[in-house]
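Residue numbers (the UniProt record's numbering), protein chains in the order written: chain A, 1 to 220; chain B, 1 to 220.
Heads up, the beta-carbon is just placed ideally off N, CA and C, and yes, glycines get one too.
Quick caveat: nothing in here was measured; it's all calculated off a predicted structure.
Here's the structure we're looking at; comments come further down.
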C-alpha cells in the first residue's frame, strides 16, 4: 500500500495543488508530475476527474483521488508515520478539519472576489478578507503553527494562499501584511520549511496568471 | 472519552441535523436535544457556533463540533466499534468522503434552487437535480447501499435529503421518483432502518417550513 506509483495531476499556480506538493514533500513521497495548462483542461484530466474536472488529482497505484482536502487526508493516512498532519485525538482532528474547511469556504471564496469583482462588491470582499485573516490570527494565538508545535493539516491547507496575496493586493489595491502582521509572521515561518518554499508558486507568476484569467473571463 | 454528555443543537427540518440524529442512533448514543426555532437563531447557537452560526452543533463533554460531515466523522471516530460508517481502507475512505462532499456541493446547492429560484433558473435547477441523482444512481450501481453491503457514511450524508423531495417536487412542479426509480428504491431501503425512519423529518412539515422560508426571504 505504502509503496507504489504516485502521480500528481496539477497546475503550477493551483493553491489546491500546492497543498498536495507540500504534503508529499513532508512525507518524502516521490511522484510523477503531470502539468495541466489551465484554463484549458486535458482529456487526461477529464478522465481522472470526470465529476469536477479540476486539478489537483492524486493518482496512487492507478486510482485517482480528487478534491485536495480529501487527497491530503488520504496522503496522511497512507504515509502516516512521517510528519503526521492530522492530530490523533478525535476532537483535535475535528477542529483541524473545521479550520481547513473554513479556508475553503472563506479564504478561497472571498480571496477570489478581491480580483474577480469590481466596485462595491470588491471593496466588501477586501474588508471581509482582512476579517477572515484576523479570525485565523485569533485561532492561531501564540502557537507557532495552526497544528500547535508542529506544522499540520491546517497549515498545509492555508499556506498556499500566501502565494496569491501579491495578486490579491495588486488587483484589489490594498495591503494585507500591515493589517495582519501575525498572519504574515506565521506564513514566513512556514516558508522556512523546504516542503513549503519549494512547493509554493512564485507570486509574480500567480499574478500574471490572474491577469490571464481576468482576460479569459472578461473581467475588467 | 467514549462516555460523557452529548447534546445536539438542531432544527427538526435540517438535513444536516438529521445526519447526526441518524449517526447517533446507529451508534446507540443517548443525547440531550436542543431545538432551535429557525430561521431565528438563539444566543446559545451563536455561542457554540460563532463562526458559521448554523445548526447542527454536536456538543460532547462541553466541546462543540460544527459542520455536519465533520461531526459525523467525529461520531464515527469516537464511537467506532458499533456500526462503523467510514470504511477502514484509505482509498475507500477517500471515495466515501468524495461522495459525501458531492452531496453537499451538488444535491444540497441545486436542491435548494428548485424552490428558491424562478423561471429559467428554476427549470435549469430541476434538470440539473435529476442529472445529479442519476450520477448518484450510477455510483450506487447494484450495491444495496453507497457503503456497499453496509449502510455507511455516504448513505447517512445523503438520505436526509429524501425528506425534502416532496418540497422540491411541489415547489418545482416536477416528479423525481419516476425519473430516478433506483434512487427511490435505495431511499426506501434506508427508511427501513429505524435509525433513519425515526430521524427524518415528515415531508409535509419540511414543505410547510419551505413555505415559511420563501415568505421570510421574499421569494415568489
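Between residue i and chain A, is the shortest Cβ-Cβ distance under 9 Å, so that the two count as touching?
i, result
"residue 135 of chain B", "yes"
"residue 179 of chain B", "no"
"residue 21 of chain B", "no"
"residue 60 of chain B", "yes"
"residue 193 of chain B", "no"
"residue 82 of chain B", "no"
For residue i, would you say it is in contact with chain B, using Cβ-to-Cβ distances shorter than 9 Å as the test?
i, result
"residue 112 of chain A", "no"
"residue 1 of chain A", "At residue 1 of chain A the pLDDT is 41, less than 50, meaning the model places this residue with poor confidence; the figure from the coordinates comes in the next sentence. Yes - at least one Cβ of chain B is within 9 Å of the one on residue 1 of chain A."
"residue 94 of chain A", "yes"
"residue 51 of chain A", "yes"
Return helix, strand or coil for residue i, following the three-state DSSP convention.
i, result
"residue 80 of chain B", "coil"
"residue 153 of chain A", "helix"
"residue 136 of chain B", "helix"
"residue 180 of chain B", "coil"
"residue 56 of chain B", "coil"
"residue 11 of chain A", "coil"
"residue 131 of chain A", "helix"
"residue 148 of chain B", "strand"
"residue 94 of chain B", "helix"
"residue 230 of chain A", "Because chain A spans 1 through 220 in this model, residue 230 of chain A falls outside it and cannot be assessed."
"residue 206 of chain A", "helix"
"residue 124 of chain A", "helix"
"residue 1 of chain B", "Residue placement at residue 1 of chain B cannot be trusted, given a pLDDT of 41 that sits under 50; the coordinates are not used to answer."
"residue 30 of chain A", "coil"
"residue 214 of chain A", "helix"
"residue 201 of chain B", "coil"
Do you know whose CA, among the options, lies nearest residue i's CA?
i, options, result
"residue 170 of chain A", "A:184, A:198, A:126", "A:126"
"residue 129 of chain A", "A:154, A:102, A:140", "A:102"
"residue 48 of chain A", "A:39, A:145, A:59, A:38", "A:59"
"residue 160 of chain A", "A:9, A:21, A:29", "A:21"
"residue 156 of chain B", "B:23, B:9, B:4", "B:23"
"residue 69 of chain A", "A:154, A:124, A:30", "A:154"
"residue 54 of chain B", "B:30, B:81, B:11", "B:11"
"residue 183 of chain B", "B:196, B:135, B:220", "B:135"
"residue 245 of chain A", "A:179, A:67, A:105", "This structure gives no information on residue 245 of chain A, because the portion of chain A shown stretches from 1 to 220."
"residue 34 of chain A", "A:91, A:57, A:52, A:51", "A:57"
In chain B, what lies closer than 8 Å to residue i by C-beta?
i, result
"residue 146 of chain A", "By Cβ distance, chain B contributes nothing, its closest Cβ being about 15 Å from residue 146 of chain A, past 8 Å."
"residue 101 of chain A", "67, 70"
"residue 97 of chain A", "67, 70, 73"
Name the chain A residues whose beta carbon is nearer than 9 Å to that of residue i?
i, result
"residue 78 of chain B", "90, 91"
Run through chain A and tell me which residues come within less than 7 Å of residue i, C-beta to C-beta.
i, result
"residue 63 of chain B", "91"
Indicate whether the contact test is met: 3 or more Cβ pairs, each with one atom in the region 165-176 of chain B and one in the region 207-214 of chain A, closer than 8 Å.
The region 165-176 of chain B is not in contact with the region 207-214 of chain A.
Would you be able to state if there are at least three C-beta pairs under 8 Å between the region 89-107 of chain A and the region 144-154 of chain A?
Contact holds: three or more Cβ-Cβ distances are below 8 Å.
For the region 26-35 of chain B against the region 73-83 of chain B, are there 3 or more C-beta pairs whose distance is under 8 Å?
Counting Cβ pairs under 8 Å, three or more are found: they touch.
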